[in-house]
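J.: In the numbering used here, the protein residues as written are 3 to 123.
The beta carbon of each residue, even a glycine, is placed where N, CA and C say it ideally should be.
Would you mind keeping the following structure in view while I ask a few things?
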Amino acid sequence: MNAMIDVQCACGKRFGWQGNFADRPPCPRCGARPPQAELDASDRRCEEDEQRRRTDPLCAAGDVLRQQRVDAGLSLRQAATKLEVGPAVLSSWEQGRARVPESYARKMVELYGLHVPERTT
Ligand SMILES: [Zn+2]
């Protein structure tokens, strides 16, 4: 996936490029460029985010469920209210102590704005 990336350099110049963070060109104004390791780390983080959004809550590990909620900008209590479960129940899913029932997994997909591929079965 090659998205357009926009950044603002420390010198204030805004510029964009097509591709990954690792492909970042030097700033057109001052020539500055962050260390490669930092750019690679940004790509890894984006990749993890992307995978998380494609993971079905039905089979996601607890820490993934928690991150999906955090990515959606919701507190445990806010998410529990919208899902219509007690915070303790949501917490038990996020700690991997219980599986998410299918009906709630579907609500989570909607609530968290996930892009889970359609199931064919
Ligand atoms: Zn610059």
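Compare the Cα-Cα distances from A62 to each of K15, E104, A12 and G18 and report the closest residue.
T.: Looking at the Cα atoms, E104 is the closest of the given residues.
J.: Quick check on the DSSP output: the alpha helix (DSSP H) that includes R26 runs from which residue to which?
T.: Neither: R26 is in no alpha helix (DSSP H) and is coded neither H nor E.
J.: Could you check how far apart the C-beta atoms of C48 and C32 are, in whole angstroms? I think they sit under 8 angstroms.
T.: Not quite, the Cβ-Cβ distance comes to about 25 angstroms (not below 8 angstroms), so this is no contact.
J.: When the Cβ atoms of the segment 33-43 are set against those of the segment 52-60, are three or more pairs found closer than 8 angstroms?
T.: No: fewer than three Cβ pairs fall under 8 angstroms.
J.: Measure the alpha-carbon distance for L113 versus L78 and round it to whole angstroms.
T.: C-alpha separation (whole angstroms): 13 angstroms.
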